[in-house]
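Asker: In my numbering, the protein residues as written are 1269 to 1370.
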Amino acid sequence: MIELTPEGQTVALVAVGLATMSTFVRSAVLDKEKLAQQKQEIKQHQEKLKQAQKNKDTKGMQKSQEALMQVMGEQMKHSFKPMIYTIIPFILVFGWLRDNFG
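#1: Compare the beta carbon distance of residue 1340 and residue 1310 with 8 Å and say whether it is the shorter of the two.
#2: Given that a residue counts as buried once 16 or more other Cβ atoms are within 10 Å of its Cβ, and exposed if not, what is residue 1332?
#3: Between the segment 1353-1366 and the segment 1280-1296, are three or more C-beta pairs nearer than 8 Å?
#4: How is the alpha helix (DSSP H) around residue 1365 delimited, first residue to last?
#5: So for residue 1270, helix, strand or coil by DSSP?
#6: Expressed to the nearest angstrom, what Euclidean distance is found between the alpha-carbon atoms of residue 1325 and residue 1350?
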């Protein structure tokens, strides 16, 4: 059996706390419907891109690729929202861990 020192227990407890906080923030901040809609749009644009590649339609490929990049950029921006709320607590907690256990 693995024996945890008090320091190890503290680090484990902090890790569980940060993971829980991150999960709650993510579920509170993200718009799941919008994310699902964006995933569906990406899938549609990828299918259009495959069709254009199959038909060797360069204009269609370019148009589909531009639309795909736009939706993917929006999705990335949307998925980074929770980081705005979690980055400061993470920095503070890791600084505290470094000061006390480093």
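Just so you know, even glycine gets a beta-carbon here, dropped at the ideal spot from N, CA and C.
Answerer: Looking at the coordinates:
#1: In this structure, residue 1340 lies near residue 1310, with their beta-carbon atoms less than 8 Å apart.
#2: Looking at its Cβ environment, which holds 16 or more other Cβ atoms inside 10 Å, residue 1332 is buried.
#3: They touch, by the three-pair rule.
#4: Per DSSP, residue 1365 belongs to the alpha helix (DSSP H) from 1349-1369.
#5: DSSP places residue 1270 in the coil class of the three-state scheme, outside both helix and strand.
#6: Rounded to whole angstroms, residue 1325 to residue 1350 spans 39 Å at the Cα level.
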